[in-house]
Amino acid sequence: MTQQMCSYPSIDKPQYKYYRNIPAQNIKTNQSIYDLIFQNKQEKMDALALHYLGRNYSYRELKEKTDTLAKSFILSGYKAGDTVLIGLSNTPEAVIASLALNRIGCIQRWFDIRVNEKILSDYIIASQCKCLIAIDILIPAIQNILDSTNLNNVLVVHPSSCLPLAKKNIYAIKYRKQIKALRYKDRRIKEFWNYIKLGRNTDAIIPEISFDETRPSIMIQSSGTTGKPKTIVHSDFSETSAVKSLAYSDIPIVEGKTLLNLLPPWIAYGLGEAIMYPLAMGCKVILSPTFDPDAIMPYLGKFTICLAAPFHYRYLCEHFNQIQTKKQKQFYASVDALVSGGDKITVQENQKFEETFKTKVVNGYGNNEGWGCLTVNPVNNNRYGSVGIPKWGETIISYDNESEKELSYGEVGEICVNCNTAFLYYDQDEVETKKVKKIHSDGKEWLHTGDLGYIDSDGYVFLSGRARRVIVRQGFKISAYTIEDKICEIPEIKECVAVETPDKQEEHVPAVFVIVDENYMMEQEAIIELIKMKCKTELKEYEIPKHICILKNLPYTANGKYDFRWLEKKALELFTE
188 MTQQMCSYPS
198 IDKPQYKYYR
208 NIPAQNIKTN
218 QSIYDLIFQN
228 KQEKMDALAL
238 HYLGRNYSYR
248 ELKEKTDTLA
258 KSFILSGYKA
268 GDTVLIGLSN
278 TPEAVIASLA
288 LNRIGCIQRW
298 FDIRVNEKIL
308 SDYIIASQCK
318 CLIAIDILIP
328 AIQNILDSTN
338 LNNVLVVHPS
348 SCLPLAKKNI
358 YAIKYRKQIK
368 ALRYKDRRIK
378 EFWNYIKLGR
388 NTDAIIPEIS
398 FDETRPSIMI
408 QSSGTTGKPK
418 TIVHSDFSET
428 SAVKSLAYSD
438 IPIVEGKTLL
448 NLLPPWIAYG
458 LGEAIMYPLA
468 MGCKVILSPT
478 FDPDAIMPYL
488 GKFTICLAAP
498 FHYRYLCEHF
508 NQIQTKKQKQ
518 FYASVDALVS
528 GGDKITVQEN
538 QKFEETFKTK
548 VVNGYGNNEG
558 WGCLTVNPVN
568 NNRYGSVGIP
578 KWGETIISYD
588 NESEKELSYG
598 EVGEICVNCN
608 TAFLYYDQDE
618 VETKKVKKIH
628 SDGKEWLHTG
638 DLGYIDSDGY
648 VFLSGRARRV
658 IVRQGFKISA
668 YTIEDKICEI
678 PEIKECVAVE
688 TPDKQEEHVP
698 AVFVIVDENY
708 MMEQEAIIEL
718 IKMKCKTELK
728 EYEIPKHICI
738 LKNLPYTANG
748 KYDFRWLEKK
758 ALELFTE
């Protein structure tokens, strides 16, 4: 019998045919992420949990070090509700610190380690924290501002601390000058592993923290690339709900698998989907300390699934033929799927990736407000050009803000999400919170993403652009995605980004920045003529970009997304008289 369709995704929920009938694990959401990872693993505690540059941690060792650090925090007087600031890369210490703070009910506030001194000072003051856990490169900045803060503990993590002895000695010799420059005398600054020793051989009792889905647990800083930076506040319920929903997907993040994480822990996608989720499922997580495009190369053949940004796969695709045949065979034999998020992948790119890697490359979509992943393509039903289907238990609609109504299949509107992974609020910003979290006429709370898109009759979400990236030209609204996708159909073009730039005659016009595929040796003028011809024949007249610029590389933000602000400034510099 054919299912009767009502023309609205929120009613039909057509995506449910793509989920597992039974989840990979039965997940209870009324618990902390610490409990979710370590409870019910008594017989599996000796399985490997983390791998970092040759050093392995079992679940047992990870728990022991986490509990010891939790006791150290308690002995220092930290308690539930206190905020601890964290600026770390992907290291075992980052995972241990996050779980230890979660264990005692502290709020962990993450930030990008590439901050300047002024922003770091602002974070410390705004959070009113007394403890900062930071990577060693931040020591000079910390020393300059320490006396103007309330910090009484700065726990310093050296990326080499967890290395095996031989590798640690090599690191010490190689970076002798840098390490010497980082020496410090202030008693408030302590080595992370020396601080952990406080919790050894102590009778300190770790208090039981009752679960409360409304209690703040984690804060993530927004990048501010589409507006002013904000502090996004989540609860444990966001994390555990994400794990429960993803357990119904066919993504092979299940017990016994190995996941390579190429994402920074200061974004929800990196901390949530790439660390906590696989640990909760019983996977081993390989932590890459760097996030450069070539970071994937040393790990080929060592993982079964990878979570990364599109630029990682673009780099791998470009250099794949340079890899030794043995490495390629190991890669083919080991990888179940590659997952991409944080930015778009065109249809052409997706096809090329899968042809090159001989495995599924599935794209997803989300934001920090929704605790990372909101949609992802099913591995066994990957649909090029789409960002996938909503996670199990979520509802995603295309919404008309003017009529305040859900749109039908294929109609473009703002993508809105009703989910359990939504953030609690923006810290000290009720006005902005209300702009993003809204009650619709159905009485439900919806997360407004600011992205434009539509949903097809199978429940797949297709993005059409960013609401804040709409280019208005003589009253016509243009989606930047429309221009980008059309230009990327040209074989000679590797990447393309369209931005709005001021214009004397038309107020605003589209300008595009492109990267040319190195396999095509053509003069820049010839490439530009190709783009112009493509746009003239296949775009509407008002969509045709007025300016075209060829770059060697496109800029990315710290979160692995195209840096639209940089490009807008560049367009202003190049094309404004």
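For the sequence shown, this note's numbering begins at 188 and goes up steadily by one.
For each residue, glycine too, the CB sits at the ideal point set by N, CA and C.
Every value quoted in this text rests on a predicted model; they were computed, and no experiment measured them.
Considering only C-alpha positions, which residue in the set the options is nearest to residue i?
i                 : options                           : result
phenylalanine 498 : Glu682, Lys305, Ile393 and Ile737 : Glu682
glutamate 601     : Tyr641, Lys200, Ile718 and Ser425 : Tyr641
glutamate 395     : Ser219, Thr477 and Ala685         : Ser219
glycine 551       : Ala609, Ile214 and Ser436         : Ser436
valine 343        : Ile510, Gly274 and Pro403         : Gly274
methionine 406    : Ala524, Thr688, Ile329 and Gln295 : Gln295
methionine 232    : Ser573, Tyr221, Tyr486 and Leu249 : Leu249
valine 441        : Ala461, Ser422, Ile283 and Pro279 : Ala461
alanine 455       : Gly553, Lys514 and Gln515         : Gly553
isoleucine 731    : Val703, Val696 and Lys545         : Val696
asparagine 567    : Gly575, Leu561 and Thr278         : Gly575
lysine 305        : Tyr382, Cys316 and Leu325         : Leu325
glutamate 400     : Asn217, His238 and Arg570         : Asn217
glycine 323       : Asn303, Ser314 and Pro346         : Per the sequence shown, the amino acid found at residue 323 is aspartate instead of glycine. Of Asn303, Ser314 and Pro346, the residue nearest in Cα terms is Pro346.
valine 563        : Lys723, Arg207, Lys545 and Leu433 : Leu433
asparagine 303    : Cys316, Pro327, Tyr486 and Glu280 : Pro327
serine 348        : Leu288, Leu286 and Glu280         : Glu280
phenylalanine 478 : Thr278, Thr445 and Pro465         : Thr278
Label residue i either buried or exposed according to how many other C-beta atoms from any shown protein chain fall within 10 Å of its C-beta, with 16 as the threshold for buried.
i              : result
glycine 469    : buried
lysine 626     : Looking at the sequence itself, residue 626 is isoleucine, so the reference to lysine does not match. The residue in question, isoleucine 626, is exposed, as its Cβ has fewer than 16 Cβ neighbours within 10 Å.
glycine 457    : buried
glycine 630    : exposed
threonine 636  : buried
methionine 463 : buried
alanine 713    : exposed
alanine 520    : exposed
aspartate 373  : exposed
cysteine 193   : exposed
proline 678    : exposed
glycine 268    : exposed
alanine 368    : Caution applies to alanine 368, whose pLDDT of 49 falls short of 50 and renders its modelled position unreliable; the model cannot decide the point.
glycine 264    : exposed
isoleucine 473 : buried
aspartate 390  : exposed
arginine 387   : exposed
tyrosine 203   : exposed
serine 590     : exposed
leucine 447    : buried
Quick one: what's got a C-beta closer than 8 Å to residue i's C-beta in the same chain, skipping five residues either side?
i             : result
leucine 726   : Thr669, Ile670 and Lys673
aspartate 393 : As written in the sequence, residue 393 is isoleucine, which differs from the aspartate given in the question. So the qualifying residues of the chain are Asp254, Ala257, Lys258, Ile261, Arg290 and Ile291.
aspartate 530 : Ala496, Pro497, Phe498, Gly747, Lys748 and Tyr749
glycine 411   : Residue placement at glycine 411 is flagged as unreliable, the pLDDT there being 48, under the threshold of 50; a coordinate-derived value is accordingly withheld.
Below 8 Å on the Cβ atoms is my contact criterion, and I expect residue i with residue j to pass it. Report the Cβ-Cβ distance as a whole number of Å.
i                 : j             : result
phenylalanine 700 : leucine 650   : Phenylalanine 700 to leucine 650, Cβ: 19 Å. No contact.
tryptophan 297    : proline 452   : 7 Å
alanine 467       : leucine 639   : About 33 Å; that fails the 8 Å criterion.
isoleucine 419    : glutamate 556 : 6 Å
Which same chain residues, not among the five before or five after residue i, have their C-beta less than 6 Å away from its C-beta?
i              : result
threonine 336  : Ile311
tyrosine 613   : Lys417, Glu619 and Thr620
cysteine 603   : Ile584, Tyr586, Trp633 and His635
proline 565    : Tyr205 and Asp437
isoleucine 715 : Ile735
leucine 319    : Leu272, Leu338 and Val341
glutamate 755  : Val686
isoleucine 383 : Thr255, Leu256 and Ser259
Could you name the residues of the same chain whose beta carbon sits closer than 7 Å to that of residue i, not counting the 5 residues immediately before and after it, in chain order?
i              : result
alanine 234    : Ser245, Tyr246 and Gly469
glutamate 165  : Only positions 188 to 764 of the chain appear in the structure, and residue 165 is not among them; the question remains open.
methionine 188 : For methionine 188, the predicted structure reports a pLDDT of 39, less than 50, and the residue's modelled location is therefore unreliable. A value from the coordinates is still provided. Taken in chain order, the list of residues that qualify is empty.
valine 548     : Tyr500, Leu525, Ser527, Asn537, Phe540 and Glu541
glycine 488    : Lys514, Gln517, Phe518 and Ser521
proline 403    : Ile294, Val420, Ser422 and Leu611
cysteine 675   : Thr533, Gln535 and Cys683
asparagine 588 : Glu601
lysine 723     : Ile731
Using a Cβ-Cβ cut-off of 8 Å, state whether residue i counts as contacting chain C.
i             : result
threonine 636 : Protein chain content of the structure displayed is limited to a single chain, and chain C is not contained in it.
To test your reading of the DSSP string, which unbroken beta strand (DSSP E) runs of 3 or more residues are found completely within the region 689–728?
694–703
Any chance you could list the beta strand (DSSP E) runs of at least 3 consecutive residues sitting entirely within the region 241–326, in chain order?
242–245, 270–274, 294–297 and 318–322
My parser needs the beta strand (DSSP E) runs of 3 or more residues fully inside the region 507–586; what are they?
524–527, 547–554 and 559–563
In the region 402–474, which residue ranges form an unbroken beta strand (DSSP E) of at least 3 residues, counting only runs that do not cross its ends?
403–408, 418–422, 445–448 and 471–474
Starting from the N-terminal side, write out each stretch of the beta strand (DSSP E) that is 3 residues or longer and does not extend beyond the region 604–682.
624–626, 632–642, 648–653, 658–660 and 663–665
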